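K.L.:
Sharing a structure, written as structure tokens. Questions coming.
Residue numbers (the numbering used here): 58 to 389.
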């Protein structure tokens, strides 16, 4: 084990972008901890509509499928969107966020002062903003109306040091009414699908609710299974400390970090021999733990980041409470 040169004042996002070596190919593909860990339940609200949850905004009235390409920035899935947020606006697409989050410098008018303020939960603690509705959000040919949003700066909240590198708009799948959506890393595509759009050799995996976020049950080798939040906004796989202890893993890297909302701490990097989600097996997984733990995650809960999501084609049908997964070849 060796220590990086970051000081305790570095944010996790900044530390990882500069110095975490990869485990595959000996470079860890920019563990840009955008740290959202698929955030979001507003105080007094419930989670995305998983398996018979509350009624959500209507699905798009436009023809489906609708497909757009995406890129990864700091580990986050970033697409181009339009409508009330502007034309060709870069936006982070968050599988678990139940609202959109729009920064005040994104070019929209400030919500009226009479609008209530609510908080959405994130891995580093709650983010508060004034509520409003986006009249129209376009993603490809799909059009969504009256989309719930708050005015707040998610990038600054998650990573003050790296905020300039992240988009000013975050689009939550739950805010769009949780339509069927597919992430296809083999084509770098995000698609909204009709109900009959699930094809291929897929396995149906139950989706869980974890403190207002979507999550999956994960098994790490011989260790007991654990619940992990799904994040399309962070490349990192974050392991609960109990899993690390059960596997007797030794860190291969240690970084001093300052997590927003917590005292300065340490991020430890591991190579996990094997993780399983349903029947799908993933080997040599780069993972981290935080000491102290991230303040916005429930005890014993980890994070599945885009590093793992890039190894499967995943179709999320939250209204039914399932994700359909098709294993892809590991990146070379």
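Each residue gets a CB set at the ideal place from its N, CA and C atoms; glycine is no exception. Since the model is a prediction, treat every value here as computed from it, not as a measurement.
By Cβ distance, which residues of its chain are closer than 6 Å to residue 214, with the 5 residues on each side in sequence left out?
P.N.:
So the list reads 184, once near-sequence residues are dropped.
K.L.:
For residue 184, which three-state DSSP category applies?
P.N.:
In the structure shown, residue 184 sits in a strand (DSSP, three-state: E or B).
K.L.:
If you run the structure through DSSP and keep just helix, strand and coil, what is residue 86?
P.N.:
No answer about residue 86 holds up, because its pLDDT of 33 lies below 50 and its placement is not dependable.
K.L.:
If you reduce the DSSP assignment to three classes, tell me which class residue 358 lands in.
P.N.:
Residue 358 falls in the coil class under three-state DSSP.
K.L.:
Anyone know if the C-beta pair for residue 385 and residue 289 falls short of 7 Å?
P.N.:
Not closer than 7 Å, so no.
K.L.:
Roughly how many whole angstroms lie between the Cα atoms of residue 367 and residue 241?
P.N.:
If you take the alpha carbons of residue 367 and residue 241, they lie about 8 Å apart.
K.L.:
Helix, strand or coil, according to DSSP, for residue 80 in the structure here?
P.N.:
With a pLDDT of 38 at residue 80, under the threshold of 50, the modelled position of that residue is not reliable, and the figure given next carries that caveat. Coil at residue 80, not helix or strand.
K.L.:
Comparing C-alpha positions only, which one of 157, 126, 151, 125 sits nearest to residue 291?
P.N.:
Ranking the options by Cα distance to residue 291, first place goes to 151.
K.L.:
Based on Cα-Cα distance, which residue from 197, 373, 174, 266 lies nearest to residue 31?
P.N.:
Since the first and last residues shown for the chain are 58 and 389, residue 31 lies out of range.
K.L.:
So which of 296, 248, 180 has the shortest CA-CA distance to residue 325?
P.N.:
Nearest option by C-alpha distance: 296.
K.L.:
Residue 166: buried (16+ other C-beta within 10 angstroms of its C-beta) or exposed?
P.N.:
The residue in question, residue 166, is exposed, as its Cβ has fewer than 16 Cβ neighbours within 10 Å.
K.L.:
Could you check the C-alpha separation between residue 230 and residue 272 for me, to the nearest Å?
P.N.:
Cα-Cα distance, rounded: 14 Å.
K.L.:
Should residue 387 go down as buried or exposed, given a rule of 16 or more other Cβ atoms within 10 Å for buried?
P.N.:
Answer is exposed; the Cβ neighbour count stays below 16.
K.L.:
Kindly provide the ranges of any alpha helix (DSSP H) runs that are 4 or more residues long and lie completely inside the segment 195 to 283, ordered along the chain.
P.N.:
Counting whole runs of 4 or more residues, the segment 195 to 283 contains the alpha helix (DSSP H) stretches 211 to 215.
K.L.:
In or out: residue 282 buried (at least 16 other Cβ within 10 Å) or exposed?
P.N.:
Residue 282 is exposed by the Cβ-count criterion.
K.L.:
Any contact between the segment 304 to 311 and the segment 322 to 339? By contact I mean 3 or more CB pairs, one from each, below 8 Å.
P.N.:
Segments in contact, yes.
K.L.:
Check residue 162 in the structure and name its three-state DSSP category.
P.N.:
In the structure shown, residue 162 sits in a helix (DSSP, three-state: H, G or I).
K.L.:
Would residue 350 be called buried (16 or more neighbouring beta carbons within 10 Å of its own) or exposed?
P.N.:
Label assigned to residue 350: buried.
K.L.:
In this structure, how does DSSP classify residue 97 when only helix, strand and coil are distinguished?
P.N.:
With a pLDDT of 27 at residue 97, under the threshold of 50, the modelled position of this residue cannot be trusted, and the question is left open.
K.L.:
Taking the alpha carbon of residue 186 as the reference point, which residue from 208, 194, 355 has its own alpha carbon closest?
P.N.:
It is 208 whose Cα lies nearest to the Cα of residue 186.
K.L.:
Quick one: what's residue 146 bridged to in DSSP?
P.N.:
Paired residues: 138.
K.L.:
Would you check if the distance between the CB atom of residue 128 and the CB atom of residue 135 is smaller than 7 Å?
P.N.:
A contact, by the Cβ cut-off of 7 Å.
K.L.:
Determine contact between the segment 260 to 267 and the segment 189 to 203, defined as no fewer than three beta-carbon pairs at a distance below 8 Å.
P.N.:
In short, these stretches do not touch, since the Cβ pair count stays below three.
K.L.:
Quick one: grab the DSSP three-state call for residue 133.
P.N.:
Correct three-state label for residue 133: strand.
K.L.:
Quick check on residue 353: does DSSP put it in helix, strand or coil?
P.N.:
If DSSP states are grouped into helix, strand and coil, residue 353 belongs with coil.
K.L.:
Can you tell me whether residue 336 is buried or exposed? The criterion is at least 16 other CB atoms within 10 Å of its CB, across all chains shown.
P.N.:
Exposed.
K.L.:
Measure from the alpha carbon of residue 157 to the alpha carbon of each residue in 201, 376, 371, 344, then state which is nearest.
P.N.:
Residue 201 is the option with its Cα nearest to residue 157.
K.L.:
Apart from the five residues just before and just after residue 248, which ones in its own chain have a Cβ nearer than 6 Å to its Cβ?
P.N.:
Once the five neighbours on either side are set aside, the close Cβ partners of residue 248 are 122, 124, 239.
K.L.:
Report yes if the C-beta distance between residue 356 and residue 294 is below 7 Å; otherwise report no.
P.N.:
No, Cβ-Cβ distance for residue 356 and residue 294 is not below 7 Å.
K.L.:
Look at the alpha carbon of residue 130 and the alpha carbon of residue 362, and state the distance between them as a whole number of angstroms.
P.N.:
The alpha-carbon atoms of residue 130 and residue 362 are separated by roughly 13 Å.
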